[in-house]
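Numbering (my numbering), first residue to last: 11 to 285. Glycine included, each C-beta is placed from N, C-alpha and C at the ideal position. None of the values given here were measured: they were computed from a predicted structure.
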């Protein structure tokens, strides 16, 4: 198996990725904010369903699960940043209808992330049942119960450790694998190993990147998902730039192989060949 080489980056690289992602948002604000608004609307709908059904205690595990599947949901934002980097104008239709060079493998990766998500939900439900019994799904004072009771604190500690381990696994294999599967003909295992190599070779920058993502998502959750309108597209755009900096581009075709192509078409061909 030929795993692509990975670049080493400086400790402040994640800040540069965020800065580039912010510039992409400014260049395509309607696309970015619309994408974030759609994601936020779905999140709020789920929150309302939980509230009306009395299952408020499920908010925390479901919110944590977003971190596990978010890399897959953000594919339209990766495409937006790619098009912007090539000087193209981007509409919302471009962000939701795009070509994938490894569609089957991307679907496989998506299924894997969903499996991890369901494992996390099952684990969270099990913890609630063990420490609170069936009443856990209709708690009126969830926050106080979690923070001021022995069972609640123990459950939080165990849940945080277990969730952190799953989050570390998902982050390691999906930090850059989804953009890679979009733009290269590789299998899901190769993309995951490339992502893991990037994490291993750049432990401090990638740790900072993970902390920044977790912090921004926590803020978005604290605002009842409203902050997700801007935070989700920002992270999505930044992830594309992380991929472009961490994974060296493929060699572009030699000049002779592009004979007869010039101008914008030639540049586009060369650009696509180096993703």
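Helix or strand or just coil, what does DSSP make of residue i?
i, result
"residue 237", "coil"
"residue 163", "helix"
"residue 186", "coil"
"residue 80", "helix"
"residue 38", "coil"
"residue 104", "helix"
"residue 98", "coil"
"residue 15", "coil"
"residue 20", "coil"
"residue 69", "helix"
Just how far apart, CA to CA, sit residue i and residue j?
i, j, result
"residue 37", "residue 203", "33 Å"
"residue 163", "residue 205", "34 Å"
"residue 248", "residue 196", "22 Å"
"residue 234", "residue 61", "12 Å"
"residue 55", "residue 97", "36 Å"
"residue 181", "residue 250", "15 Å"
"residue 113", "residue 285", "16 Å"
"residue 28", "residue 59", "33 Å"
"residue 246", "residue 44", "13 Å"
"residue 148", "residue 47", "Residue placement at residue 148 is poorly supported in this model, since its pLDDT is 48, which falls under 50; the coordinates still yield a value, given next. Roughly 29 Å between the two C-alpha positions."
"residue 136", "residue 73", "17 Å"
"residue 91", "residue 39", "12 Å"
Would you decide whether residue i is buried or exposed? Buried here means 16 or more other CB atoms lie within 10 Å of its CB.
i, result
"residue 200", "buried"
"residue 255", "buried"
"residue 50", "buried"
"residue 119", "buried"
"residue 179", "exposed"
"residue 24", "buried"
"residue 165", "buried"
"residue 34", "buried"
"residue 121", "exposed"
Quick check: does the Cβ of residue i come within less than 6 Å of any heavy atom belonging to the ligand MN?
i, result
"residue 90", "The ligand content of the structure shown is nil, which means the ligand MN is not present either."
| said: Quick check: the region 124 to 135 against the region 102 to 109, are at least 3 beta-carbon pairs closer than 8 Å? | reply: no
* Are the region 166 to 180 and the region 234 to 245 touching by the rule of at least three beta carbon pairs closer than 8 Å? -> no
Three-pair Cβ contact test at 8 Å for the region 182 to 192 versus the region 82 to 90: yes
key: the region 19 to 28 touching the region 209 to 223, judged by at least three CB pairs closer than 8 Å   = yes
Sequence ranges, beta strand (DSSP E) only - wholly within the region 200 to 247, length at least 3 = none
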